[in-house]
Amino acid sequence: MNASTPLSPDEIRSLFAQAMSRMYRDEVPLYGTLMELVSEVNAATLARDPSLAARLQRSDALDRLDAERHGAIRVGTPRELATLRRLFAVMGMHPVGYYDLAVAGVPVHATAFRPVDAAALARNPFRVFTSLLRLELIEDAALRDQAAAVLEAREIFTPPALALIERFEQAGGLTAGEAAEFVAEALETFRWHSEATVSHATYQALLSAHRLIADVVCFRGPHINHLTPRTLDIDAAQDAMQARGIDAKAVIEGPPRRRCPILLRQTSFKALQEPVLFPAGDSADAGTHTARFGEIEQRGLALTPKGRALYDSLLARARDAGGAGSTGDYGTRLATAFNDFPDDDDTLRREGLGYYRYALTDAGLADRSAVARGSVEDAISMGLVTADPVVYEDFLPVSAAGIFQSNLGGGEQRAFAAQSNRDAFEKALGAQVHDEFEIYARIERESLVAVGLAT
Ligand code: OOG
Ligand code: NI
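For the sequence shown, the numbering used here begins at 1 and goes up steadily by one.
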């Protein structure tokens, strides 16, 4: 390759994801333990279930499995969010979905930066859940103004990172040398800083307004707060975490264990209490901050709007039933509620509850005209075509709120009455977020076209 040939955004994303993983492993050694544990559980799961291995291979998910993870950051201003959008675009990551966490007591709204097309996802699906603080939810006006002033004064990107973003936008790509520099410079934005930018008193005041506000406002940058590998068996991984004495969250967020996994199940280990120095004149005050944690997740079928509506209603049923006079623990209620969600791929597909990706079998490859003669169902029943679940690449607001809550350390629970404000979020972002359902529907449709069952 010529030194001036641009590297693809997919390649830059892979380099960045690797660099981020190395950095976080150095910063939070328990993350390294988690990665080992997940890779052992995945190897055992695949050895036990060759059909799962074959299915993942068909849908391009096997090769990416070990590299697969998501991270999360929280920023404070529209300018920071808009610049992150441009930074992630260099790596082929685009904003998908709008998540309002205020209803769950967390004063942020968010999107996920991730690759959107099937080829890019197969290469490396690295995603970053990115939240924007809603300062307007701080009630105390003086404190709100102080927080805004602190945020306005900081610059979370290095000058070379900003220059390389512009270079990418003008040239339409970065050379290998530029990409390497970009990755190193971009990493600086996500690094942990053990020195706060405000006094201990200001930190405390922001902390009591909301712990998350202190986390966003008091540091030089939006430190990556977790990096999550993908496990094929989250129950086994949760047991393994507990067996190693890792302080795991009690409840796995999301749907219950099923034969056909849907959406996303997640669990985390509790946030670390880390030493921080707060500036105090010529010296510094010692204190601590609780922000960073570890998380693992299992991903399943991407649901259609119909499937998602069913999911939301069953989850609400399990959660609401926790009130007075309810019977059973949460796990039992969840399992009971989800008895009403079909749990075999044929039914899920035929009832239009999830998205599937179609591929020709050897027999189908040998006789493509036979495929085109009948319906999708015919082609499947004749063994000419397979239908495999499209993997859910996004997040779940209720789960995200649970993860936030369990890691804020203060056990606080309060709902903000604020309206969800997608328009304000998109204005800050400087773009509209992609619709996740459209992306999944397109992946399904393209696979039908490729096998000759749609035009
Ligand atoms: C993000 C929490 C959301 C997930 O996996 O749902 C998230 C945060 O704590 O900043 O990462
Ligand atoms: Ni997460």
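From the three backbone atoms N, C-alpha and C, an ideal C-beta is built for every residue, glycine too.
Between the CA atoms of residue j and residue i - distance to the nearest angstrom
i      : j      : result
His94  : Asp145 : 31 angstroms
Phe16  : Asp26  : 15 angstroms
Pro50  : Asn42  : 12 angstroms
Asp456 : Leu206 : Because residue 456 is not part of the residues shown, which for the chain are 1 to 455, the question remains open.
Thr158 : Arg123 : 28 angstroms
Arg308 : Thr202 : 42 angstroms
Ile12  : Asp320 : 45 angstroms
Gln242 : Leu37  : 11 angstroms
Leu87  : Thr189 : 11 angstroms
Ala431 : Ala44  : 43 angstroms
Asp239 : Thr130 : 29 angstroms
Arg69  : Ala366 : 37 angstroms
Phe293 : His226 : 5 angstroms
Glu377 : Gly402 : 40 angstroms
Gly92  : Ala67  : 16 angstroms
Gln18  : Ser375 : 43 angstroms
Gly71  : Met20  : 9 angstroms
Gly331 : Gln405 : 19 angstroms
Ala454 : Arg350 : 17 angstroms
Tyr440 : Leu301 : 10 angstroms
Pro222 : Gly364 : 50 angstroms
Ala400 : Tyr355 : 23 angstroms
Glu169 : Leu151 : 26 angstroms
Gly172 : Thr5   : 11 angstroms
Asp140 : Val449 : 57 angstroms
Ile224 : Phe182 : 17 angstroms
Arg135 : Val103 : Per the sequence shown, residue 135 should be read as Leu rather than Arg. One C-alpha to the other measures close to 15 angstroms.
Leu52  : Ser447 : 20 angstroms
Ile380 : Leu46  : 25 angstroms
Which of helix, strand or coil DSSP assigns to residue i
i      : result
Gln358 : According to the sequence as given, residue 358 is Tyr; it is not Gln. Strand.
Val388 : A small fix is needed here, since residue 388 is Asp in this sequence, not Val. Correct three-state label for Asp388: strand.
Pro279 : strand
Leu272 : coil
Val251 : coil
Ala184 : helix
Asp285 : strand
His200 : helix
Asp345 : helix
Val96  : strand
Pro397 : helix
Gln432 : coil
Gly364 : helix
Cutoff 8 angstroms; reference residue i; Cβ partners in own chain excluding five residues on either side
i      : result
Tyr311 : Pro255, Ile262, Leu263, Leu303 and Phe341
Ala180 : Leu15
Phe269 : Leu30, Leu34, Met241, Ile246, Asp247, Ala248, Lys249, Phe293, Gly294 and Glu295
Residue j beta carbon less than 8 angstroms from that of residue i
i      : j      : result
Tyr99  : Thr83  : no
Leu246 : Leu65  : The amino acid at residue 246 is misidentified as Leu; the sequence shows Ile. Cβ atoms of Ile246 and Leu65: not closer than 8 angstroms.
Thr347 : Thr386 : no
Val217 : Ala147 : yes
Val108 : Leu101 : yes
Arg220 : Thr33  : no
Val96  : Glu426 : no
Thr175 : Leu315 : no
Arg191 : Met23  : yes
Gln298 : Thr197 : no
Leu121 : Glu393 : yes
Leu187 : Leu132 : no
Ile156 : Ile234 : no
Thr267 : Ala236 : no
His434 : Val116 : yes
Gly317 : Ala337 : Strictly speaking, residue 317 in this sequence is Arg, with Gly absent from that position. Yes, Cβ-Cβ distance for Arg317 and Ala337 is below 8 angstroms.
Arg259 : Asp344 : yes
Contacts around residue i, its chain only, beta-carbon distance under 6 angstroms, and the 5 residues preceding and following it disregarded
i      : result
Pro78  : Ala428
Leu35  : The question names Leu, yet the displayed sequence has Met at residue 35. So the qualifying residues of the chain are Pro229.
Asp388 : Arg55, Arg58, Ser59 and Arg357
Asp285 : His200 and Phe278
Ile138 : Arg144 and Ala209
Ile443 : Ala118 and Val390
Asp215 : Ala291
Glu185 : Thr158, Pro160 and Ala161
Glu195 : Leu277
Asp10  : Gly92, Ala120 and Arg123
Other residues of its chain near residue i: CB distance less than 7 angstroms, five sequence neighbours each side excluded
i      : result
Gly452 : Arg368, Val371 and Ala372
Lys306 : Gly352 and Leu353
Leu396 : Gly254, Leu263 and Leu264
Val251 : Tyr330
Arg167 : Leu174 and Glu178
Gln204 : none
Proximity test, residue i beta-carbon vs the ligand SAH heavy atom, cut-off 7 angstroms
i      : result
Ala400 : This structure lacks the ligand SAH; its bound ligands are the ligand OOG and the ligand NI.
Next on the checklist: I need the residues with a C-beta less than 6 angstroms from some heavy atom of the ligand NI; please give them in chain order.
Outcome noted: His70, Ala72, Phe129, His226, Thr228, Glu295 and Ile403
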